[in-house]
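Everything below concerns the one structure shown next.
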Amino acid sequence: MKDKIHELLVSAINDLYESKDLSIEIVKTKSEEHGDWSSNIAMIEAKKRGENPKELAKKIINSFSKEDWIEKIELAGPGFINFFLSKKANLKYLKELLDNKESFFPYKEKNKKNILIEYVSSNPTGPLHVGHGRGAAFGSALSYLLKKSGNKVTEEYYVNDQGLQTKILADSVHMKYLEKFNIDTSKIDSTNFYKGSYIDELASKIKNLKKDTFIKIKNEKEFIDLIINEMMLGIKETLNNFKVNFDSFFSESYLYDKKANKIREVLEDLKSDHSFEKEGALWFKSTKFGDDKDRVLIRSDNQETYFLSDIAYHKDKFQRNYDELINIWGSDHHGYLPRVKAAIEALKLNPENLKTIFIQFVSLIKKGKKISMSTRSADFVTLNQLLEEVGVDAARFFYLTKKSDQALEFDIDLAISQDKNNPVYYIQYAYARICSLEKELKKREMIFDLKEGIDNLDLLENKSELEIISSLEDYKIIIEQCCKNYEVHPICFYLRDLASKFHSYYNSETIINDDQKLRNAKFTLLLAIKKTIKSGMDVLIIETPEKM
RNA sequence: CUCCUGGUAGCUCAGCUGGAUAGAGCAUCUGCCUUCUAAGCAGAGGGUCGCAGGUUCGAAUCCUGCCCAGGAGGCCA
Numbered sequence: 010m011k012d013k014i015h016e017l018l019v020s021a022i023n024d025l026y027e028s029k030d031l032s033i034e035i036v037k038t039k040s041e042e043h044g045d046w047s048s049n050i051a052m053i054e055a056k057k058r059g060e061n062p063k064e065l066a067k068k069i070i071n072s073f074s075k076e077d078w079i080e081k082i083e084l085a086g087p088g089f090i091n092f093f094l095s096k097k098a099n100l101k102y103l104k105e106l107l108d109n110k111e112s113f114f115p116y117k118e119k120n121k122k123n124i125l126i127e128y129v130s131s132n133p134t135g136p137l138h139v140g141h142g143r144g145a146a147f148g149s150a151l152s153y154l155l156k157k158s159g160n161k162v163t164e165e166y167y168v169n170d171q172g173l174q175t176k177i178l179a180d181s182v183h184m185k186y187l188e189k190f191n192i193d194t195s196k197i198d199s200t201n202f203y204k205g206s207y208i209d210e211l212a213s214k215i216k217n218l219k220k221d222t223f224i225k226i227k228n229e230k231e232f233i234d235l236i237i238n239e240m241m242l243g244i245k246e247t248l249n250n251f252k253v254n255f256d257s258f259f260s261e262s263y264l265y266d267k268k269a270n271k272i273r274e275v276l277e278d279l280k281s282d283h284s285f286e287k288e289g290a291l292w293f294k295s296t297k298f299g300d301d302k303d304r305v306l307i308r309s310d311n312q313e314t315y316f317l318s319d320i321a322y323h324k325d326k327f328q329r330n331y332d333e334l335i336n337i338w339g340s341d342h343h344g345y346l347p348r349v350k351a352a353i354e355a356l357k358l359n360p361e362n363l364k365t366i367f368i369q370f371v372s373l374i375k376k377g378k379k380i381s382m383s384t385r386s387a388d389f390v391t392l393n394q395l396l397e398e399v400g401v402d403a404a405r406f407f408y409l410t411k412k413s414d415q416a417l418e419f420d421i422d423l424a425i426s427q428d429k430n431n432p433v434y435y436i437q438y439a440y441a442r443i444c445s446l447e448k449e450l451k452k453r454e455m456i457f458d459l460k461e462g463i464d465n466l467d468l469l470e471n472k473s474e475l476e477i478i479s480s481l482e483d484y485k486i487i488i489e490q491c492c493k494n495y496e497v498h499p500i501c502f503y504l505r506d507l508a509s510k511f512h513s514y515y516n517s518e519t520i521i522n523d524d525q526k527l528r529n530a531k532f533t534l535l536l537a538i539k540k541t542i543k544s545g546m547d548v549l550i551i552e553t554p555e556k557m
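Per our numbering, the first sequence starts with residue 10, numbered consecutively.
Structure below.
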């Protein structure tokens, strides 16, 4: 409908004067006094042209051609143009939705892109915790959304299986491993070691698998690979439980691979123009590209920094020919972005093609109190523990319900509750209720005729029905907005709202009645609600059970 | 000290690319189950949109300053 009004406005204005770069905003109105749709174009244009907005609006309205789908057009307030649509026009979207039998999705991107989205990428030095869960939920939902709207999306996890932290992990496990053979480890400096119980469990596992072969480590790489592999198995299992599935896992160590030689390549790229040696280290002159200070690529002890391999990783991503790269990072990395962008520019790649989304912290609330967390001391709640406690659906919904760049307080008690307080259950309940109505219909030996329903949609004319018809079309707007802004939380709010409208409708009147035409029309509306809830929940990757 | 986020109802948050009377949920109070799932519904109260200026027909939304909270500023990752 919006598109049709848009067309109408453009042609009306073009009839009046030559107009360049018209950006017309059309919004659904909040109150019915203002009609169905409204545009402020007259006020915007009047400002540009130094005219009186009301006068201009009047002229625009007068130059509209008569259309049967418009009941009336009004000038209101300081210059709004309000469109009152005929009933038929309001049913247009509904019919589209219902005609589309298979996978219904209301929005398709005009310029389809090939996108690489990288998220989670948690260091394999410990299990995933509740903070990672948020990035995982968001990344997977956003990927689904972008896929559904017509893009090609590859989901990637970058595995930091190289460098200092990895070494510390290996040492941590090795010490525990030695203890299992009653070997004295008191001389080992373990202040920086990882301390969680998973270290001990991993040591036991390795003892079982490999017996005493690693008491004296001959091949450190073999030991590290074994440990990383075990850690990643655990992480993948958790992700899998959480309905997060990656297309690819990219190893940092690949960048150091002698054949691939990605690190050397980047050093060559940067060497002549953009790097210098100081105090025995090799630096990247990132200040040349807007960063606060220059950054070290190779430390004075000859170790490559994480930053260096990250440049190589980004270069590799760019070379894989995607139209767009998306990074989903924890917000504690936001200071890291300028140097990465600097490196990208230095490599003569286009930083515009890299979009970084930051995910804020998560704190857990239980019985009204905050649970404190810190990764190093292993004083954290793992994602597995959270999933066990609240379930996958509730966890995903609560993670996604808030704008991603805003800190999240995750209320465990609310997530567990199974009543209307809990939005997940509330939405799922609406879906299940519709399914239950369909079953009841069959039980009473009545047959649902979709065609008859569609033909009789105009029988639906009470207030809650008209409201639902209108808000079903909102879904399209919400999805479009989410695709544009790379966000998903509006879907959560929308679904709760739609569910609420349905529950209200359900309570206000009996759906199953003896008037066949009306009944089919009502069930057609229910089907539309059902499809919309399903579609939205699919984006969030949350189940819609038929029975609760 | 510098930079980044945020400050909206008692609580948790939407709204922020300027639009018409600022919205949800929770919590509180009052009603509704012999009828399709009460895991539900109907109704009520609750606001100086952190403070002060500015921009304009119009500001929660944009700009400036200040206050408060959290985060970032390694040859860690």
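The beta-carbon is built from N, C-alpha and C at its ideal position, and this holds for glycine as well.
| task | Report back the beta-carbon spacing between N431 and A404 to the nearest angstrom; my notes put them in contact at under 8 Å. | result | In fact, because the Cβ distance is near 12 Å, the residues do not count as touching under 8 Å.
| field | S386, DSSP secondary structure in three states | value | With a pLDDT of 49 at S386, under the threshold of 50, the modelled position of that residue is not reliable, and the figure given next carries that caveat. Coil at S386, not helix or strand.
| said: Could you compute how far the alpha carbon of S48 sits from the alpha carbon of K510? | reply: 26 Å
| task | Please confirm whether T175 and S257 have their CB atoms less than 8 Å apart. | result | In this structure, T175 lies away from S257, with their beta-carbon atoms at least 8 Å apart.
| task | Can you check the stretch 294-325 for any alpha helix (DSSP H) of at least 4 residues that lies completely inside it and give the ranges in chain order? | result | none
| Is there contact here, the stretch 170-184 with the stretch 208-222, by at least three beta-carbon pairs under 8 Å? | yes
| query | By Cβ distance below 7 Å, which residues in the same chain neighbour I421 in space, the five residues on each side in sequence not counted? | reply | L373, I374, K375, E398 and V399
| query | Got a sec, what are the start and stop residues for the beta strand (DSSP E) E127 sits in? | reply | Element bounds for E127: N123 to E127.
| task | Name the residue from V390, H342, I551 and M455 whose alpha carbon lies nearest to the alpha carbon of S130. | result | Nearest of V390, H342, I551 and M455 to S130, Cα basis: H342.
| said: Does L306 pass the burial test, meaning 16 or more other C-beta atoms within 10 Å, or should it be called exposed? | reply: buried
| query | By the 10 Å Cβ neighbour count, where 16 or more other Cβ atoms means buried, how is R385 classified, buried or exposed? | reply | Low per-residue confidence applies at R385: pLDDT is 48, beneath 50, and the placement is therefore not dependable enough to give any value.
| Can you give the beta carbon distance from V497 to A150, rounded, assuming they're within the 8 Å contact cut? | So it is a contact: roughly 5 Å between Cβ atoms.
| query | What number of angstroms, rounded off, separates the C-alpha of Q171 from the C-alpha of S513? | reply | When only Cα atoms are considered, Q171 and S513 end up about 56 Å apart.
| Range covered by the beta strand (DSSP E) that runs through N336 | Taken as a continuous stretch (DSSP letters only), the beta strand (DSSP E) holding N336 covers E333 to G339.
| DSSP beta-bridge partners for E418? | S372
| said: Tell me whether the stretch 526-538 and the stretch 460-468 touch, counting them as touching only if at least three CB pairs, one residue from each stretch, are closer than 8 Å. | reply: yes
| field | Cβ pair count under 8 Å reaching 3, the stretch 62-71 against the stretch 36-51 | value | yes
| query | Quick one: Cα of I538 to Cα of L417, how far? | reply | Between the C-alpha atoms of I538 and L417 there is a straight-line separation of about 30 Å.
| query | Do the CB positions of M557 and Y484 come within less than 8 Å of each other? | reply | no
| task | Just list the alpha helix (DSSP H) runs in the stretch 505-551, keeping only unbroken ones of 4 residues or longer that don't cross its boundaries, in chain order. | result | 525-549
| Would you report the Cα separation of I215 and V433, rounded to the nearest angstrom? | 41 Å
| field | Contacting residues, own chain, Cβ-Cβ under 6 Å from A387 (five flanking each side not counted) | value | Residue confidence for A387 is low, a pLDDT of 49 falling below 50, so the modelled location carries little weight; the figure read from the coordinates is stated next. Only K204 and G205 meet the Cβ criterion.
| task | Could you check if E54 is buried or exposed, using at least 16 other CB atoms within 10 Å of its CB as the buried criterion? | result | buried
| For I22 versus I82, is the C-beta spacing smaller than 8 Å? | no
| query | Is I551 buried or exposed, if buried means 16 or more other CB atoms sit within 10 Å of its CB? | reply | buried
| request: Please go through the stretch 133-200 and give each complete alpha helix (DSSP H) segment of 4 or more residues, from N-terminal end onward. | output: The qualifying runs are 139-157 and 173-189.
| Per DSSP, what kind of secondary structure is N99 in: helix, strand or coil? | helix
| message | Within 10 Å of its beta-carbon, does T541 have 16 or more other beta-carbons around it, so buried, or fewer, so exposed? | response | buried
| field | Cβ neighbours of A66 in the same chain (closer than 7 Å, five flanking residues each side left out) | value | Only A51, L84, G88 and I90 meet the Cβ criterion.
| request: Alpha carbon to alpha carbon, how far is Y322 from A269? Give it in angstroms, no decimals. | output: 12 Å
| said: Given a cut-off of 8 Å on the beta-carbon distance, is the pair L563 and L535 in contact? | reply: Nothing about residue 563 can be reported from this structure: the residues present for the chain run from 10 to 557 only.
| message | Please classify K448 as buried or exposed, where buried requires at least 16 neighbouring CB atoms within 10 angstroms. | response | Result: exposed.
| task | With DSSP collapsed to three states, give me the class of A441. | result | helix
| said: Helix, strand or coil, according to DSSP, for N643 in the structure here? | reply: Since the displayed the chain opens at 10 and closes at 557, residue 643 lies outside it and no answer follows.
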